[in-house]
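Visitor: Input: one structure, supplied below.
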Amino acid sequence: MGASGPARAAQKHKVMVDALRLTWAASDLYPAGNAQKILALADDEAAAHLVGRSWMKAALEHLGVTVRVVKIPDELRERIRDAQRRQFR
């Protein structure tokens, strides 16, 4: 997501597209439906629209996608933010 703060509209869209790709790949590779689908994000604030009360959360639940916020080391988080700052110049 962005360097900090809540996800912007385009970022929310990208996450939902990624989740749709995940469900498609799972159904294609595991047609029996036994694939566990996990969408992992590394920032609580950026993931808020996926874990709060929203249509996006409801859609992901309907598709069987679990959203997890994982903790990453502060050094890695800062390296990611630096890379994101360079991308948005």
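Numbering (the numbering used here), first residue to last: 5 to 93.
Think of the CB as a built atom: it goes at the ideal place given N, C-alpha and C, for glycine as much as any other residue.
Report the rounded CA-to-CA distance for Val19 versus Arg12, giving the unit in angstroms.
Guide: So the two alpha carbons sit approximately 11 Å from each other.
Visitor: Grouping DSSP H, G and I as helix and E and B as strand, with all else coil, what is Lys61?
Guide: Helix.
Visitor: Counting Cβ pairs, one atom from each stretch, are 3 or more of them under 8 Å apart for the region 76-90 and the region 50-59?
Guide: Taking 8 Å as the limit for Cβ pairs, the verdict is that the region 50-59 does not touch the region 76-90.
Visitor: If you count every other CB in all the chains shown that lies within 10 Å of the CB of Leu80, and 16 or more means buried, which is it?
Guide: Leu80 should be labelled exposed.
Visitor: Compute the distance between the beta-carbons of Asp32 and Val73, then report whether it is under 8 Å.
Guide: Their beta carbons are not under 8 Å apart, which means Asp32 does not touch Val73 by this criterion.
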